[in-house]
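Residue numbering for the sequence shown follows our numbering, beginning at 7 and increasing consecutively.
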Amino acid sequence: MTMRDLRRNYELKALEREDLADEPLDQFHTWFQEARHAAHPDWLELNAMTLSTYDRQREQVTSRIVLLKHVDERGFMFFTNYLSHKGTQLSDRPAASLVFYWPHMERQVRVVGHVTKSDRQTSEQYFHDRPRSSQLGAAASRQSSEIESRQVLQAEGARLDELYRDQEIPCPEHWGGLILAPHEMEFWQGRQDRLHDRFVYRKQPSGWYIARLAP
């Protein structure tokens with residue numbers, strides 16, 4: 007079997023206009039909960055999402071998987087090192103897209119929007135809610151910079167662990183939350199014969215416009 011032979015027919019569900027919530031974030035919450043309830047207990051990270059940003063210096067788009075940590079009326083929140091590649095790219099050009107893919111539901115969600123930093127209190131609160139080992143990892147890593155070996159990271163983590171023994175590890179100033187506020191969201195439901203159901207929400211001054219898209 008070759009890659010060309012890898013295919014499946016999507017038969018689980020349909021998606022019609024009357025199934026959709028008026029607000030895309032409400033629709034996202036519905037789909038996310040359905041994905042959680044349908045998932046096997048051993049499956050991990052249904053909150054994994056592809057984040058794509060633009061690198062102006064290299065004139066190219068870059069993508070990576072990050073984890074969604076919160077959704078509210080402001081949008082989709084995740085956390086990172088602001089000095090990483092994605093952090094500096096978003097500082098330079100704060101436009102990005104997200105993609106969620108839940109194969110067990112034959113669904114994906116695409117989000118396009120504008121990214122801003124969360125307030126400092128939110129960043130620090132989340133940082134200190136993490137396990138101590140994760141805090142040390144975030145503090146020790148100069149994310150995206152070149153390093154000689156893994157031992158460099160381990161040595162820095164050990165140094166910080168000793169430095170802050172029996173103390174709270176301070177949240178680095180260059181680490182914190184980012185929020186993508188959507189202006190477009192698409193919900194994709196796989197269907198038979200590749201005639202998939204696709205609906206897009208586009209933000210307008212009067213509210214959200216919803217349209218069906220050809221697959």
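Ideal Cβ positions, reconstructed from N, Cα and C, are used throughout, including at glycine.
Within a Cβ cutoff of 7 Å, which residues of the same chain sit near residue i, ignoring the five residues on either side of it in sequence?
{"i": "residue 15", "result": "198"}
{"i": "residue 212", "result": "none"}
{"i": "residue 195", "result": "19, 20, 21, 112, 113, 202, 203"}
{"i": "residue 33", "result": "26, 27, 193"}
{"i": "residue 167", "result": "142"}
{"i": "residue 221", "result": "200, 201, 202, 204"}
Using only alpha-carbon positions, find the residue among the options that is nearest to residue i.
{"i": "residue 79", "options": "46, 207, 186", "result": "186"}
{"i": "residue 19", "options": "155, 204, 219", "result": "204"}
{"i": "residue 209", "options": "218, 200, 189, 219", "result": "189"}
{"i": "residue 44", "options": "109, 142, 147, 128", "result": "109"}
{"i": "residue 62", "options": "102, 152, 151", "result": "102"}
Per DSSP, which one or two residues make a beta bridge with residue i?
{"i": "residue 66", "result": "61"}
{"i": "residue 104", "result": "57, 117"}
{"i": "residue 81", "result": "78"}
{"i": "residue 17", "result": "DSSP output for residue 17 lists no bridge partner at all."}
{"i": "residue 203", "result": "195"}
{"i": "residue 215", "result": "208"}
{"i": "residue 187", "result": "120"}
{"i": "residue 94", "result": "Answer by DSSP bridge pairing: none, since residue 94 is not bridged."}
For residue i, count neighbouring Cβ atoms within 10 angstroms of its own Cβ and tell me buried if that reaches 16, exposed if not.
{"i": "residue 59", "result": "buried"}
{"i": "residue 164", "result": "exposed"}
{"i": "residue 86", "result": "buried"}
{"i": "residue 92", "result": "buried"}
{"i": "residue 169", "result": "exposed"}
{"i": "residue 73", "result": "exposed"}
If I measure Cβ to Cβ from residue i and keep anything under 6 Å in the same chain, skipping five residues before and after, which residues do I get?
{"i": "residue 207", "result": "30, 191, 214, 216"}
{"i": "residue 69", "result": "56, 58"}
{"i": "residue 183", "result": "83, 85, 124, 128, 129"}
Please list, in chain order, all residues of the same chain as residue i whose beta carbon is under 8 Å from its beta carbon, the five residues on each side excluded.
{"i": "residue 50", "result": "none"}
Inset, instruction - Jot down the residue ranges of each uninterrupted alpha helix (DSSP H) in the segment 146-184, minimum 4 residues, whole runs only, in chain order. - result: Here the runs fully enclosed are 156-169.
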